[in-house]
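Worksheet: one structure, shown below.
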Amino acid sequence: MNVLKHDLIIIGSGLAGLRAALEAAFLSKGELDIALVSKTQLLRPHSVCAEGGTGAALRIDEGDSPELHAWDTVKGSDFLADQDAVWRFVELIPQEILKLDHWGIPWARRENGKIDQRPFGGHSFPRAVFAADKTGFFEVHTMYDNLQRFSNVHRYDEVMVTSLLIEDGEYRGFTAIDLTRGEFLVFQSKALIIATGGACRIYGFTTYSYTVTGDGMAIAYRAGLPLKDMEFVQFHPTGLVPSGILITEAARGEGGYLINNLGERFMGKYAEKMMELAPRDIVSRSEMQEIEAGRGFTREDGLDYVLLDLTHLGREKINERLPLIREVAIKFAGIDPIEKPLPVRPVAHYSMGGIHVDIDGQTPVPGVYAAGEVACVSLHGANRLGTNSTAECLVWGGITGGKAYENVKKQKAFPKLPTEMVLREEARINEIFNKPNKESLYTIRKELREIMDKNVGVYRDEKGLTAALNKVRELIQRFKDCGLEDKSKYYNTDLVSYLEMENMLTLAEIIVLGALERKESRGGHARRDYPNRDDENWLKHTLAYYTPQGPRLEYLPVKITTWKPVERKY
């Protein structure tokens, strides 16, 4: 049995994981034995795809404030955010922006040298700090570069975690596969931070990298940790058709227009004041209403769209502020946004739900933390504001890195290894190689994404959700007959796809069941048959617990400290 031990292990190498590693390394003055375990090569997390900016109230002298950022976030969340978490977030994020500045990130600057900020959807003040339209890329690389100061930070590239070892309510370690060698590994640590990101590859039309399959969420759930608010999936208003690649909200923040087939800037009908910079749930629903009313542009593949017009911004501004968007549009749509509008439609973009954690990022299991998109501290509630996701990764990456370091300092010994659990998991992995391949893994993946796109999208209803739940459960049964075409050990992408498929099916059932049970419309969860928000019955979080028969749902009150729910108008 190959057992690897480190004081602190972080699963995931995106913004939250890197920030956590940095915090623990700085606090311990480089003495803590830290490991980063990543399914991809370490510098290939999905965080590098974040484009538009990171939100922070920096301009107090010009009229912004942490209070205003908090209000925008709570209102944007459709009042499902836990307000204690929101307050902590808005107070800490300005410090994170300045830390990155000191660490060397090339923030965009005003002419006077101050850090620049631009408007973003749902924010009542321009507070998106940015580095052109490659913000996540520069944040990841800046933190990775700074980690090079510490010789005690170890990396495990292309190692996929398969199970979390929790026995009698205590964390004991986790199992993984070294994908480069096909070797089964066991990791032990005194504390663990899960920072594996979201799950939007459950959908077909999505902005997410192919690796974003909800592994951390699913593994934690099967180990007994509850998942919170999984029915709330964000659909970004501007996914490039037909690829689904993200066209950053910064394109609208810089002044882009949404246009229907009549040439109208239609957002005036839906959000008269904020227009294209209303929150994402409102803009996405507005686009779908235009398309369904016949005012969109049709395609044979069903990806009907509206237009995002940037032409009036001019060549100089597009090249300075949106260079990546121009490059992506030319490469993947054959359109230069300097000359022509871009075809866009709502696209699966973000998981508001995740592993249930408290305000410190602590899960119900002592010593196990979660940060970033994999976690649900409930900063975002039912709808995330743009720029608050990279900001959340920085804030709770820092918090969990600090809390995990404190936890490690208290412990002298590693937890006892549950040998039987390890042997059982190793046998399960080996059995996958021996299974007869009666069903195509890739057909099941295709069918899952089709039903999620069709029935669990921007708009939902009981008939569609019931059909989706039945389909997902059918696919779960059919998946039992899946095996591997490739029986080799080295770089077995067939095995990776199998494990990812298992995770996606697990999470899809939770998402659909939670959506079916929540009989209201709130934020990213819009029911045609229950079009109104119902605070009396549904101002509460959904908790999903694993059982062999399927998810068991419970509910948890929302923490309201400052603002009671009111009608959202933009």
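Going by my numbering, the first residue of the sequence shown is number 75, and it counts up by one from there. Quick reminder that beta carbons are idealized off the backbone N, C-alpha and C, glycines included.
Next on the checklist: For VAL546 and LEU579, which I take to be in contact (beta-carbon distance under 8 Å), what is that distance rounded to the nearest angstrom?
Outcome noted: Indeed they touch by this definition, with Cβ atoms about 7 Å apart.
Checklist entry - Can you tell me where the beta strand (DSSP E) with THR428 in it begins and where it stops? => result For the record, residue 428 in the displayed sequence is Gly; it is not Thr. Residues 428-430.
Checklist entry - Which residue comes first and which comes last in the alpha helix (DSSP H) that contains MET291? => result Taken as a continuous stretch (DSSP letters only), the alpha helix (DSSP H) holding MET291 covers 289-296.
Checklist entry - Exposed or buried, ARG201, counting other C-beta atoms within 10 Å across all chains shown (16 or more means buried)? => result The residue is buried, with at least 16 neighbouring Cβ atoms inside 10 Å.
Next on the checklist: Given a cut-off of 8 Å on the beta-carbon distance, is the pair ARG601 and LYS593 in contact?
Outcome noted: Yes.
Item to check | Local conformation of ALA124 per DSSP, three classes | outcome: Look at ALA124 here: in three-state DSSP terms it is coil, with no helix or strand label.
Next on the checklist: To the nearest angstrom, how far is the alpha carbon of LYS407 from that of PRO140?
Outcome noted: It is Ala, not Lys, that sits at residue 407 in the sequence shown. Those two C-alpha atoms are separated by around 40 Å.
Checklist entry - ARG255: which of LEU539, TYR620, THR270 and GLU232 sits nearest, CA to CA? => result Measuring from the Cα of ARG255, the nearest candidate turns out to be GLU232.
Next on the checklist: Once the 5 residues before and after TYR619 are set aside, which same chain residues still bring their CB inside 6 Å of it?
Outcome noted: These residues qualify, in order along the chain: PRO300 and ARG626.
Item to check | Whole-angstrom C-beta distance between TYR277 and ASP535, which should lie under 8 Å | outcome: In this structure ASP535 is not in contact with TYR277, their Cβ atoms being roughly 18 Å apart against a cut-off of 8 Å.
Checklist entry - Span of the beta strand (DSSP E) holding LEU142? => result Not the beta strand (DSSP E): LEU142 falls in the alpha helix (DSSP H), residues 140-150.
Next on the checklist: Rounded to whole angstroms, what is the Cα-Cα separation between SER151 and GLU165?
Outcome noted: Taking the straight line from one Cα to the other gives about 18 Å.
Checklist entry - Exposed or buried, HIS197, counting other C-beta atoms within 10 Å across all chains shown (16 or more means buried)? => result With at least 16 other beta carbons inside 10 angstroms of its own, HIS197 counts as buried.
Item to check | Exposed unless 16 or more other CB atoms sit within 10 angstroms - verdict on SER237 | outcome: Counting C-beta atoms within 10 angstroms of its own C-beta, SER237 has 16 or more neighbours from the protein chains shown and is therefore classed as buried.
Next on the checklist: Going by DSSP in three states, VAL227 sits in which element: helix, strand or coil?
Outcome noted: Three-state result, VAL227: strand.
Item to check | Complete beta strand (DSSP E) runs within the segment 438-515 (minimum length 3 residues, chain order) | outcome: Counting whole runs of 3 or more residues, the segment 438-515 contains the beta strand (DSSP E) stretches 442-444.
Next on the checklist: Closest to GLY330 by C-alpha separation, out of TYR282, ASP289, VAL380 and VAL315, would be which residue?
Outcome noted: Measuring from the Cα of GLY330, the nearest candidate turns out to be VAL380.
Item to check | Backbone secondary structure at LEU332 - three-state DSSP | outcome: In the structure shown, LEU332 sits in a strand (DSSP, three-state: E or B).
Checklist entry - Using a C-beta cutoff of 8 Å, does ALA99 count as contacting chain C? => result Among the chains in the structure shown there is no chain C, since it carries only a single protein chain.
Checklist entry - Is the segment 102-118 in contact with the segment 553-560, if contact means three or more CB pairs nearer than 8 Å? => result With the cut-off at 8 Å, the segment 102-118 and the segment 553-560 do not touch.
Next on the checklist: Taking the alpha carbon of CYS467 as the reference point, which residue from ASP81, VAL111, THR128 and LYS79 has its own alpha carbon closest?
Outcome noted: Answer by Cα proximity: THR128.
Item to check | Beta bridge counterpart(s) of GLU536 as assigned by DSSP | outcome: Answer is none; GLU536 lacks a bridge partner.
Item to check | Completely contained beta strand (DSSP E) runs for the segment 196-253, where each covers 3 or more residues | outcome: Taking 3 residues as the minimum length, the beta strand (DSSP E) runs contained wholly in the segment 196-253 are 227-230, 233-241 and 244-252, in order along the chain.
Checklist entry - Does the separation of the CB atoms of GLU350 and MET341 fall below 8 Å? => result Yes, they are a contact pair.
Checklist entry - If you compare alpha carbons, which of ILE518, ILE525, ALA131 and LYS347 is closest to ILE576? => result Reading off the sequence, residue 576 comes out as Glu, not Ile. Of the residues ILE518, ILE525, ALA131 and LYS347, the one whose Cα lies closest to the Cα of GLU576 is ILE518.
Next on the checklist: Buried or exposed for TRP177, going by 16 or more other Cβ atoms inside 10 Å?
Outcome noted: When all chains shown are included, TRP177 counts as exposed.
Checklist entry - Would you say the segment 105-112 touches the segment 484-495, given that touching needs at least three Cβ pairs under 8 Å? => result The segment 105-112 vs the segment 484-495: no contact.
Next on the checklist: Under DSSP, the alpha helix (DSSP H) around GLU413 begins and ends at which residues?
Outcome noted: GLU413 -> no alpha helix (DSSP H), and no H or E assigned at all.
Checklist entry - When the Cβ atoms of the segment 270-285 are set against those of the segment 95-103, are three or more pairs found closer than 8 Å? => result These segments do not touch.
Next on the checklist: Please return the same chain residues whose Cβ sits closer than 6 Å to the Cβ of ASN481, not counting the five positions on each side in sequence.
Outcome noted: Within the same chain, ALA265 and GLY441 come within 6 Å of ASN481 by CB-CB distance, once the 5 residues on both sides are set aside.
Next on the checklist: Along the chain, where does the beta strand (DSSP E) containing ILE83 start, and where does it finish?
Outcome noted: Segment 82-85, the beta strand (DSSP E) holding ILE83.
Item to check | Separation of ASP289 from VAL570, as counted between CA atoms | outcome: Each residue's Cα considered, the two are about 11 Å apart.
Checklist entry - Taking Cβ positions, are GLU125 and ALA273 nearer each other than 8 Å? => result Their beta carbons are not under 8 Å apart, which means GLU125 does not touch ALA273 by this criterion.
Checklist entry - Three or more C-beta pairs closer than 8 Å, one from the segment 152-164 and one from the segment 631-641: is that the case here? => result Using a C-beta cut-off of 8 Å, the segment 152-164 makes contact with the segment 631-641, since at least three inter-stretch Cβ pairs fall below that distance.
Checklist entry - Secondary structure at LYS554, three-state DSSP: helix, strand or coil? => result Three-state DSSP puts LYS554 in coil, outside helix and strand.
Checklist entry - Which residue from VAL532, ALA465, LYS347 and ARG354 puts its Cα closest to that of THR322? => result The candidate whose alpha carbon is nearest that of THR322 is ARG354.
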